[in-house]
Amino acid sequence: MAKKQLIALFMCSLTTFTVGGGLIPLLPIYATRLGADPVLTGYYLALAFLALSISSIFAGWLSNHLQKRKLLLIIAGVLMIPTAWFMGQVTTILGLTILTALLWFLAGFVVSMVSILTGLFVERSERGRVFGIIGLAAPLSGIIGGLGSGPIVDRWGYPALFTAAALVYVLLPLSALLLTDKPAIIRVPNTPKTTASPTVMLSRAFLFLFFASVLAHIANSQIVLGRSLIMDHNGFDATDISSSSAIGSIISLPFPVFIGWLSDRLGRKPLIMICYLASSIGLAVLATSSTLWHFWIAMALQSIIGAGVAVGSALITDLVPRESLATPISLYGSTQFIGYVIGFGGMGTIIKLLGLSASLLVGILLCMVALILLIAVPRPASIIQIETT
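Position in the sequence shown (from 1) plus 340 gives the number in the working numbering.
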């Protein structure tokens, strides 16, 4: 992949995740300030990630039909700027929910388009490494957003935070302008369309990968929401809460590139399993956390799952010919958001009925099931499709 293309894709991803990394630790607190209880806060976050899931899948369909990925990225980036700013002006939880859902919808669209363009341009021998570099945007943005968002809120309040988010989003359409898109594929009438994409999506390998990723991200969502609620209950301020994400991201920063590089040499599946195992350990650490450095460790373990998504995307790219890649890779990318929808939606109810510790235990059990599904995934070589060049 050309360096200019890789840098532009990385910047699109970094910009999107920087705002997300800054907002996610504080959105549960912002929602409670607007009158939401833990159950309503969970539903609020679930709706946001539902919008993200829908847009991730929709992006694959739109990529196949319009084949104007660069233009779509620019449009999404422009729309995210006013949406972020208006989030700081709302006074009700309903208004916040609508705007957050819209912003997350656009963000999911961007993330999917970045994955699709990466898959279209990356060479087979460098897939793990390149997807790992793109995946590096998540922990790096966690550092930037986590270190910046808390002090902004403590000093100037939430409206200033969303104004800063809008300014960061200006970089997204500017970065997208530097991208190269694949020429549109012109289909000759009466020629059969490739069936590789639906064949792979119905295969045992894809289905097990899909559901394992969903379960792992349901568990991972317990760390994201649980950390904010536990720290807020224990009297930590916004800077402490957001910095826990930043420090966790610093600790886990090398993992996406290193694990992606290893997956090119050792295989994809064992590395994904390591990432899921890290989430289960993170849940156990969070359940016993009481001081700030405990939360740092929990968030470091939580963020490693992003490397698993990158390696999983490389594995999907191994399985699918490039002309059929958009739908499978966007569908797989949506698993993290589907997991967060279910996790955030269910966690508030579990907390209310059984307590926070029980919800964290459920997360650990789900990680174990995800690992079992991964073990059952057949070797990719047995179903890999031959690429057309």
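For each residue, glycine too, the CB sits at the ideal point set by N, CA and C.
Because the structure is a prediction, the values reported are computed rather than measured.
Taking the Cβ atoms as the reference, LEU457 lies roughly 6 Å from ARG409, within the contact range of under 8 Å. Distance between PRO422 and TRP444, taken at the CA atoms: about 13 Å. Pairing ALA638 with VAL649 gives a Cβ-Cβ distance that is not under 7 Å. Out of LEU419, LEU713 and THR440, the CA that lies nearest to the CA of MET427 is found in THR440. With respect to the 7 Å criterion, TYR680 and HIS573 are not classified as neighbours on the basis of their beta carbons. Taken in chain order, the stretch 574 to 621 contains no complete beta strand (DSSP E) segment of 3 residues or longer. Distance from the Cα of ALA506 is smallest, within the candidate group ALA618, PHE398, GLY362 and LEU611, for GLY362.
Contact check for THR579 against GLY490 passes: the beta carbons are separated by less than 7 Å. ILE715 sits in a helix when the DSSP states are folded into three classes. GLY703 and LEU623 have their C-alpha atoms spaced approximately 7 Å apart.
With contacts defined as CB atoms closer than 7 Å, ILE433 and ALA500 fail to qualify as a contacting pair.
Contact check for PRO368 against GLY472 fails: the beta carbons are separated by 7 Å or more. Inclusion of MET341 and VAL462 in the CB contact set at 7 Å is warranted, their separation being smaller than that value. When the alpha-carbon of GLY685 is set against those of ALA386, LYS344 and PRO378, the nearest one is in ALA386. Counting C-beta atoms within 10 angstroms of its own C-beta, LEU705 has fewer than 16 neighbours from the protein chains shown and is therefore classed as exposed. Under the 8 Å Cβ criterion, the stretch 394 to 408 counts as touching the stretch 663 to 671, having at least three qualifying pairs. Contact annotation: SER396 and SER670 have beta-carbon atoms nearer than 7 Å.
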